[in-house]
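Sequential numbering of the sequence shown, starting at 1012, is according to my numbering.
Here is the structure we will look at.
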Amino acid sequence: MANPFTESRPVPPSEKGLLARIRTASTALSRAERQVAEFLLQKPHDALEMSIRVLAQACDVSEPTVARFAQSLGFDGFKSFKLAFAKSLATGIPYLHLDVNQADQVKDVLPKVFDRTIAALMEARNNANPANFEAAVNLLARARRIECYGLGYSGALAIDAQLKFFRFGIPTTVFCDAHLQAQSATLLNSDCVVVAFSRTGRTRDLINSVQLAKNAGAKVLVLCASGAPLAELADVHISVDVEEDPDIYTPMTSRLAHLTYIDALAVAVTLLRGPAAIDMLERAKISISEKRLGSKI
């Protein structure tokens, strides 16, 4: 059977979410360099039309400061930075100051939340690693049993994954309690796959449950932020790096990025498992058709 996946062109690191990189790096910049960062975040498309001299004037800094700003982000000069900046904007990520704040009116909330969500999903899509995604699909498709783990808000993600994955015809359970996770994890074996969800990848109880599953021989698929301790335990790690402020809001955009990955994994596993899996999904849909008003399945 032909592999249904095609390898997409890798996105060079310099083009990956450059606006998000600028925002993240701004705290480590000098005061003058931060002025450049703030201008680029607020008026990215205006900056594209500017020479280094005009941009320096707009930011009220010197031209060498603009050059040092580019070097602080890892570029050899303003010219290479501007090229990468243009390519990053061409991906369509409207990564501006879209968060709701106390100065906003109620009418501002809906478009800001939608725009922030769209921006986050676009960033997650453009930063996705096709090889890791394919490895995750292969892992799930070969599993004899799948267990979905998540705690707190990530528990809702684990529940959604279980609702999608059990339709593969693979026994699939979900545990959102740390004690039950730990007990179940110790009973797994090499035919089992644990799928662990976390925004930060730093929740002690979840890390402990995943470690127990690995000790029992199970394979582990982790969806969490890059560089997290939980990611280090993964056989396959899908990075979900979405910028948001959890001190103000409960996880919103990161949760939606996780849910989108769940949908993509479910579709891809069905595709990989072939006609039998599609037939199984169809039978599952027919089984509940009588529970709905009208004749549509």
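For glycine and all other residues, C-beta sits at the position ideal for the given N, C-alpha and C.
This one's a predicted model, so the numbers in the text were calculated from it and none came from an experiment.
Check                                                                                                                                                            : Outcome
Take every Cβ of the segment 1134-1144, pair it with every Cβ of the segment 1155-1173, and state whether three or more of those distances are shorter than 8 Å. : no
Tell whether a beta-carbon distance below 8 Å holds between V1251 and V1231.                                                                                     : no
Quick check on DSSP: helix, strand or coil for T1184?                                                                                                            : strand
Take L1241 and list the residues in its own chain whose beta-carbon comes closer than 6 Å to its own, dropping the five residues that flank it on each side.     : S1209, G1212, I1218, V1233 and C1235
Determine, using beta carbons only, whether T1076 and V1047 come nearer to each other than 8 Å.                                                                  : yes
On the CB-based measure, 16 or more other CB atoms within 10 Å of its CB, does A1295 come out buried or exposed?                                                 : exposed
Roughly how many angstroms separate the alpha carbons of R1064 and H1269, rounded to a whole number?                                                             : 42 Å
Examine chain B for any beta-carbon lying closer than 8 Å to the beta-carbon of N1140, and answer yes or no.                                                     : Annotation note: the requested chain B is absent from the structure, which comprises a single protein chain.
Candidates S1237, D1202, A1189 and G1088: which alpha carbon is nearest V1221's?                                                                                 : A1189
Between the beta-carbon of A1095 and the beta-carbon of G1088, is there less than 8 Å?                                                                           : no
Answer yes or no: do A1169 and V1148 have a C-beta to C-beta separation smaller than 8 Å?                                                                        : no
Among A1167, C1203 and F1144, which has the Cα closest to the Cα of L1267?                                                                                       : A1167
Is the beta carbon of L1066 sitting closer than 8 Å to the one on A1058?                                                                                         : yes
Got a sec? Which residues, its chain only, sit under 8 Å from I1033 by beta carbon, not counting five neighbours each side?                                      : A1048, L1051, L1052 and L1084
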